[in-house]
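Each number in the numbering used here corresponds to the 1-based position in the sequence shown with 22 added. Even for Gly, the Cβ is constructed at its ideal location relative to N, Cα and C. Note that the structure is predicted; figures quoted are calculated from it, not measured. What follows is one structure encoded as structure tokens, with my remarks underneath.
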Amino acid sequence: MSPQDKEQAGEVTDLEKQLAHFRILLEKKWGNDHDNSCTYIYPDGTPLPLTPHMIKEWARAIVSSSLIYFLL
23 MSPQDKEQAG EVTDLEKQLA HFRILLEKKW GNDHDNSCTY IYPDGTPLPL
73 TPHMIKEWAR AIVSSSLIYF LL
């Protein structure tokens with residue numbers, strides 16, 4: 023079954039599973055359990071509040087780089 027067929031049938035594609043997996047890992051590492059926010063802390067201690075869109079794009083970057091590494 024192709025990814026397009028899975029999408030039309032309402033199934034989750036492999037790419038969507040990978041994105042969700044990395045998003046969850048990022049939320050666990052950088053998330054705050056008390057207020058459901060996420061903050062990246064730079065090595066110098068500067069906090070960067072992460073929006074849901076930023077987390078989604080970060081997960082996409084991880085998946086893209088892992089796919090490139092796999093293809094090499």
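If you reduce the DSSP assignment to three classes, tell me which class L94 lands in. Here L94 scores only 49 on pLDDT, less than 50, and its place in the model should not be relied on; the value that follows carries that caveat. Of the three classes helix, strand and coil, the one that applies to L94 here is coil, per DSSP.
For E79, tell me which candidate among Q40, V34, E33 has the shortest Cα-Cα distance. Q40
Length of the line joining the Cα atoms of F44 and V85: In a straight line, the C-alpha of F44 is about 8 Å away from that of V85.
Between which two residues does the beta strand (DSSP E) harbouring Y62 extend? 59 to 63
Rounded C-beta distance between L70 and Y64? I'm assuming under 8 Å. 7 Å
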